[in-house]
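Chemist:
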Ligand code: ADP
Ligand code: MG
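Residue numbers (our numbering): 17 to 368.
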């Protein structure tokens, strides 16, 4: 506008930067749960407990028995772009869930965040971040591992709060996230509980650690998460071609669903929402299902991390393949072969 002073360019302060980034990373309580559980898995936890109150709006607490953090680690854990998982030179070789170093910084910008942690043989320590302000570290009693508590999510951003759905709907989204990660890591035990002031916690979901070889453990976990009917009707998928390895369980066409609720795709163990891969799943079943039915399957595509870019989106739920056609065709031909081979069984099973 003529006459008004020329706009001044200036760097944003740290708190504003964190709030902006949080907009992408933390859409709703379930996204916070996803980041915290992924951190627990990256820390090598064998058991993870997730507690929430009021659909996660009032409280999210993730407790793990992983490697823990020292008092010196804690302030770094909540600093933006600080991570122990990559050194920055190997963005093409990511094997952990996390690598961006921004989840905890973001959570501290949109809620009241408390980290309590202890490493093997060390002393417990605690920090708090609220409104971008860090307090601590201070000594604290702690088990080996980490407890991260996020209270009053979005209290400082009422606009965000308004977009959240009912407590029930947010709780369902949290359960969905925990179930997906439980399918990704069968050897880890998960407990999801709802807590309310003055009441005993209500267990929503429990998955005991599974042992045995890869497929035994996955089979056991899928029986727990998707039900015995799924695994009783599922074909083991284990096909390798040109360095791509497709593993998992795909249900017989007779166990089809009325929607896509039982379709889960993982890439190197990371839950992804990938249109290309889900599209391939649909194509594979095309000749076996009527048009209003949807396949049920849990598939994990394993490949050299260099062949898939996971740094596409802040929530890391999208990936980009170097050779997407190879991934797509492996799913289609692999599943078709398995389904044709099971043809005689398919015709004797009763539909749901
Ligand atoms: P990223 O996971 O991308 O590294 P985060 O902001 O989620 O970034 O976490 C920052 C760092 O804090 C991690 O790299 C890790 O070193 C540490 N950390 C976070 N959560 C845990 C946990 N539950 N146990 C041990 N260390 C953790
Ligand atoms: Mg992380």
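Virtual Cβ for every residue (Gly too), placed ideally from N, Cα, C.
Counting pairs of beta carbons, one from the segment 201 to 213 and one from the segment 224 to 231, are three or more of them closer than 8 Å?
Modeler: yes
Chemist: Taking 7 Å as the limit between beta carbons, can you name the residues of its chain near residue 352, skipping five residues before and five after?
Modeler: In the chain shown, residue 352 corresponds to position 336, counting from 1. If we look at residue 352 and ignore the five residues flanking it on each side, its Cβ neighbours are 300.
Chemist: Is residue 264 helix, strand or coil when you go by DSSP?
Modeler: Residue numbering aside, residue 264 sits at position 248 when the chain shown is read from its first letter. Strand at residue 264.
Chemist: Buried or exposed: residue 252, going by 16 or more other Cβ atoms within 10 Å of its Cβ?
Modeler: Mapped onto the chain shown, residue 252 falls at position 236. Exposed is the call here.
Chemist: With a threshold of 7 Å, establish whether the CB of residue 319 neighbours any heavy atom of the ligand ADP.
Modeler: Translated into the one-based positions of the chain shown, residue 319 becomes position 303. No, the ligand ADP has no heavy atom inside 7 Å of this Cβ.
Chemist: Scan the segment 209 to 244 and note each continuous alpha helix (DSSP H) run of 4 residues or more that stays entirely inside, going in chain order.
Modeler: 230 to 242
Chemist: Taking only runs of the beta strand (DSSP E) that begin and end inside the segment 285 to 347, which ones reach a length of at least 3 residues, in chain order?
Modeler: 286 to 288 and 313 to 318
Chemist: If we ignore side chains and look at the alpha-carbon of each, how far apart do residue 113 and residue 59 end up?
Modeler: Mapped onto the chain shown, residue 113 falls at position 97. Mapped onto the chain shown, residue 59 falls at position 43. Straight-line Cα distance between these residues: approximately 10 Å.
Chemist: Could you check how far apart the C-beta atoms of residue 315 and residue 281 are, in whole angstroms? I think they sit under 8 Å.
Modeler: Along the chain shown, read from residue 1 onward, the residue named residue 315 stands at position 299. Along the chain shown, read from residue 1 onward, the residue named residue 281 stands at position 265. Rounded, the Cβ-Cβ distance is 5 Å, consistent with contact.
Chemist: Could you pull out every residue in the same chain whose Cβ sits closer than 6 Å to the Cβ of residue 67, ignoring the five residues on either side in sequence?
Modeler: Taking the chain shown and counting its residues from 1, one reaches residue 67 at position 51. 77, 209 and 211, listed in sequence order.
Chemist: Which value, in whole angstroms, describes the spacing of the CA atoms of residue 339 and residue 346?
Modeler: The residue given as residue 339 occupies position 323 in the chain shown. The residue given as residue 346 occupies position 330 in the chain shown. When rounded, the distance between both Cα atoms is 11 Å.
Chemist: Closer than 7 Å to a non-hydrogen atom of the ligand ADP - does that hold for the CB of residue 292?
Modeler: Within the chain shown, numbered from 1, the residue matching residue 292 stands at position 276. For the ligand ADP, not one heavy atom lies less than 7 Å from the Cβ of residue 292.
Chemist: Assuming residue 326 and residue 286 form a contact by the criterion Cβ under 8 Å, report the distance between their Cβ atoms to the nearest whole angstrom.
Modeler: Taking the chain shown and counting its residues from 1, one reaches residue 326 at position 310. Taking the chain shown and counting its residues from 1, one reaches residue 286 at position 270. In this structure, residue 326 and residue 286 form a Cβ contact; the two beta carbons are roughly 7 Å apart against a cut-off of 8 Å.
Chemist: Taking only the alpha-carbon atoms, compute the straight-line gap between residue 28 and residue 73 and give it to the nearest angstrom.
Modeler: Residue numbering aside, residue 28 sits at position 12 when the chain shown is read from its first letter. Residue numbering aside, residue 73 sits at position 57 when the chain shown is read from its first letter. Using only the alpha carbons, I get a separation of about 28 Å.
Chemist: When the Cα atoms are used, what is the spatial distance from residue 158 to residue 164?
Modeler: Taking the chain shown and counting its residues from 1, one reaches residue 158 at position 142. Taking the chain shown and counting its residues from 1, one reaches residue 164 at position 148. Between residue 158 and residue 164, the C-alpha separation is close to 12 Å.
Chemist: Which class does residue 272 belong to by DSSP, given the choice of helix, strand or coil?
Modeler: Here the question's residue 272 lines up with position 256 in the chain shown. In the structure shown, residue 272 sits in coil (DSSP, three-state: anything other than H, G, I, E or B).
Chemist: Could you tell me the alpha carbon to alpha carbon distance between residue 278 and residue 356, rounded to whole angstroms?
Modeler: On the chain shown, residue 278 is found 262 positions in, with the first residue counted as 1. On the chain shown, residue 356 is found 340 positions in, with the first residue counted as 1. Their Cα atoms are separated by approximately 21 Å.
Chemist: Under the three-state reduction of DSSP, which class applies to residue 389: helix, strand or coil?
Modeler: Since the first residue of the chain shown is 17 and the last is 368, residue 389 is not available in this structure.
Chemist: What is the residue span of the beta strand (DSSP E) that residue 152 lies within?
Modeler: Here the question's residue 152 lines up with position 136 in the chain shown. Start and end: 149 to 155.
Chemist: Using the Cα positions of residue 25 and residue 34, report the straight-line distance between them to the nearest angstrom.
Modeler: Here the question's residue 25 lines up with position 9 in the chain shown. Here the question's residue 34 lines up with position 18 in the chain shown. Distance between the alpha carbons of residue 25 and residue 34: 19 Å.
Chemist: Can you list the alpha helix (DSSP H) stretches of 4 or more residues lying completely in the segment 29 to 64, in chain order?
Modeler: 30 to 41 and 45 to 58
Chemist: I believe residue 126 touches residue 42 by the beta-carbon criterion, under 8 Å. Please report the beta-carbon distance rounded to the nearest angstrom.
Modeler: By one-based count along the chain shown, residue 126 stands at place 110. By one-based count along the chain shown, residue 42 stands at place 26. The pair is a contact, with the Cβ atoms about 6 Å apart (cut-off 8 Å).
Chemist: Grab the span of the alpha helix (DSSP H) containing residue 192 for me, first residue to last.
Modeler: Stepping through the chain shown from its first residue, residue 192 is reached at position 176. It spans 183 to 200 - the alpha helix (DSSP H) in which residue 192 sits, taken as one unbroken run.
Chemist: Can you give me the Cβ contacts of residue 145 inside the same chain, cut-off strictly under 7 Å, excluding the 5 residues immediately before and after it?
Modeler: By one-based count along the chain shown, residue 145 stands at place 129. So the list reads 94, 124 and 129, once near-sequence residues are dropped.
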